[in-house]
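Take a look at the structure below.
There are 2 protein chains.
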Amino acid sequence: MAYPSGVAKTRPASKATLAADVWRAIFGFFWSTGARNSLMLVSQELGVTPGHIKALLELQPGQPRPMGALADALHCDASNATWLVDRLEERALVERGTVPTDRRVKTVVLTPLGAKTRAAVIERLNEPPEELLALDREDLEEMRAALAKLPQGPPPFA
Amino acid sequence: MAYPSGVAKTRPASKATLAADVWRAIFGFFWSTGARNSLMLVSQELGVTPGHIKALLELQPGQPRPMGALADALHCDASNATWLVDRLEERALVERGTVPTDRRVKTVVLTPLGAKTRAAVIERLNEPPEELLALDREDLEEMRAALAKLPQGPPPFA
DNA sequence: ACGGATGCTTGAATTCGTCAAGTGTCGGAG
DNA sequence: CTCCGACACTTGACGAATTCAAGCATCCGT
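Laid out in structure tokens, this is it:
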């Protein structure tokens, strides 16, 4: 109910309503087309599990990362990170290493195969769904311009 | 490489590129802010699991649905649907029923509690993330107008 | 009315996720 | 220098979610 005083009443749509509408458009689109399928589909196509994908995306090629940092990035338990890295190591996508300054920490780094797989995952994830390709060029341009304002967070992409 | 012949070369951005840019904007936003957290956060807040939520959203209040149709809607195995409905039934969110014309099929229908929970889930899922509320009103209006063209699929919302 | 197809359930196996202990290492207080 | 607590990771147990292979009851075309 109570909005900050002084907000124009002449404007029919409050900022919250606007944001809600935008969110519904994005979320509804994602829900119906992409969200549920993307990770699972890609993982099946590339022969890895969704968990592998999330982990791979958090690793920069050639840049070893401590297990703990990986767990933080994945918002998961340390033991879960251990399990995940075990699976990735079995498939030769990553290798474990140590840092000389602190023998407690173990690092994870992509193997060449891992880097290749990661690149394939990213490329595949970036492929737009058919529903977007079916839209008119004008509408797409309008969307691209408008969506440029969306925050992207710390992208594991690129 | 090869695009359909006759596409204007004067236009720097092909339609595929446009769609890819739009998709990246949406997907990147989702990845960094919403996708990984929304379902899990909501499920924790409401005391249900993500699986419960997906199933609840596919059920219209007062409208029994065969298990098979539910499994199709969830893009999952029939046995998985059985398992999910078991859990939902344990929590009195749904009830099983039969159809007189075919005694093989078992239907699932929301209980009053289930309908209430579903409504709460939908309302919570429709709350926009902070990142959207932080944007300018003009940008939001621009986005809303542009995104109106997005297909929504068969929405389990509303 | 028989045989194959259909709809759901059951059971084993895999992935993913959390929590509770266990092991080895670091670093500061005495 | 030596403990002792903190830290980094691993291990094990368990639950959630998912898939496959069998199984059971029912339906339907011949």
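Chains as they are written, first to last, in the working numbering: chain A, 1 to 158; chain B, 159 to 316.
C-beta atoms are modelled at their ideal positions from N, C-alpha and C, and glycine is treated no differently.
Contact check, residue i vs residue j, beta carbons under 7 Å
i      : j      : result
A:L163 : A:P61  : Nothing about residue 163 of chain A can be reported from this structure: the residues present for chain A run from 1 to 158 only.
A:P129 : A:V105 : no
A:A120 : A:L46  : yes
A:L57  : A:P50  : no
A:A25  : B:L305 : yes
A:T107 : A:P64  : yes
A:L59  : B:W181 : no
B:A229 : B:A239 : yes
A:R124 : A:V42  : yes
B:A273 : B:L242 : no
A:Q152 : B:G186 : yes
Alpha helix (DSSP H) segment containing residue i, residue limits
i      : result
A:V121 : P112 to L125
B:V243 : A236 to E248
B:H233 : No alpha helix (DSSP H) holds B:H233; DSSP gives it neither H nor E.
B:E299 : R295 to L305
B:E216 : That residue, B:E216, is in no alpha helix (DSSP H); it is neither H nor E in DSSP.
B:L291 : E288 to L291
Start and end residues, beta strand (DSSP E) containing residue i
i      : result
A:R24  : Segment K15 to F29 is the alpha helix (DSSP H) holding A:R24; no beta strand (DSSP E) there.
B:E253 : V252 to V257
Per DSSP, cross-strand counterpart(s) of residue i
i      : result
A:R160 : The structure shown has nothing for residue 160 of chain A, since chain A only spans 1 to 158.
Near the ligand GDP: residue i beta-carbon under 6 Å from a heavy atom
i     : result
A:A13 : Of ligands this structure carries none, so the ligand GDP is not represented either.
Take every Cβ of the region 172-186 of chain B, pair it with every Cβ of the region 130-141 of chain A, and state whether three or more of those distances are shorter than 8 Å. yes
Looking at C-beta atoms only, is the number of pairs between the region 181-192 of chain B and the region 230-237 of chain B that lie closer than 8 Å three or more? no
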